[in-house]
Amino acid sequence: MASTRLAAAAVLTVAVAVSACAKDTDAGDPPAPPPSAASQSPQEPAGADVPPHNERGHLVKDLGAEAGIGRGEEAATFVLDRVEVSPGCEEPYVDGPDSGTVLRLHLRVATGSDPEIARALNGLLNPFNFAELGSDGVTHPAEPGTCYSETERPRSFGTNQQYRMTLDVVVPEASGTLILATSWLEYGNGWEWTY
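Quick note, the sequence shown lines up with residues 27 to 221 if you use this note's numbering.
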């Protein structure tokens, strides 16, 4: 009989404790649900050494945010500061595209100590590696623009140097997502910026 009373008292104590917890939760704001992977910004680091990628395998960057290849002192970094839409052509480059929109990309580049990484920038930062993710969800390769002066783009990148440069690319739409593709697998398929 005593054991039955003890068991009933234990059940009553648990019921009161659960009821008290429920009242405390109801009294204030409900606790926020844990963030899902889909709701977290792709710019937030997922881990110390592995940069996060979106569903297309790209690192998502804001305009003015640093991107790059390599690590430590050997790394080369670049920043897409501004995307100028339909900037107009400079003399003597007066022919605009027959169709599409010219985007003038304003970039800053800083090379590190590795000559191979500095040389890789020659291939990476050129109009043929850019594309636009259009409003229709289709990725369209960019074409080189013919409105800029070659003096605004270095012919090669040396080690431990800084550059300012512009590139003109022609894309189908005046706004969207700009993609820079790369074969450096450590960085996924490349980077993208919304403009």
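Even for Gly, the Cβ is constructed at its ideal location relative to N, Cα and C.
- In this structure, the beta-carbon distance from D140 to C173 does not fall below 7 angstroms.
- According to the DSSP assignment, P167 belongs to the beta strand (DSSP E) that extends over T165 to P167.
- Going by C-alpha positions, G149 is about 21 angstroms away from R82.
- Within its own chain, the residues whose Cβ lies closer than 6 angstroms to the Cβ of A136, once the five positions on either side in sequence are excluded, are T103 and Q188, listed in chain order.
- Ranked by Cα distance from R97, the options P78, V109, V86 and G138 are led by G138.
- Counting C-beta atoms within 10 angstroms of its own C-beta, T203 has 16 or more neighbours from the protein chains shown and is therefore classed as buried.
- Within the same chain, and ignoring the five residues on either side of E199 in sequence, the residues whose Cβ sits closer than 7 angstroms to its Cβ are T127, E158, G160 and S161.
- The beta-bridge partner set that DSSP reports for P113 is empty.
- Annotation: S209 to E218 spans about 15 angstroms, alpha carbon to alpha carbon.
- Distance from the CA of V197 to the CA of L151, rounded to the nearest whole angstrom, comes to 16 angstroms.
- By the neighbour-count criterion, in which 16 or more other beta carbons inside 10 Å mark a residue as buried, F154 falls on the exposed side.
- Separation of L147 and F183 (C-alpha to C-alpha, rounded to the nearest whole angstrom) is 7 angstroms.
- For E142, there is no enclosing beta strand (DSSP E); the residue is found in the alpha helix (DSSP H) stretching over P141 to L150.
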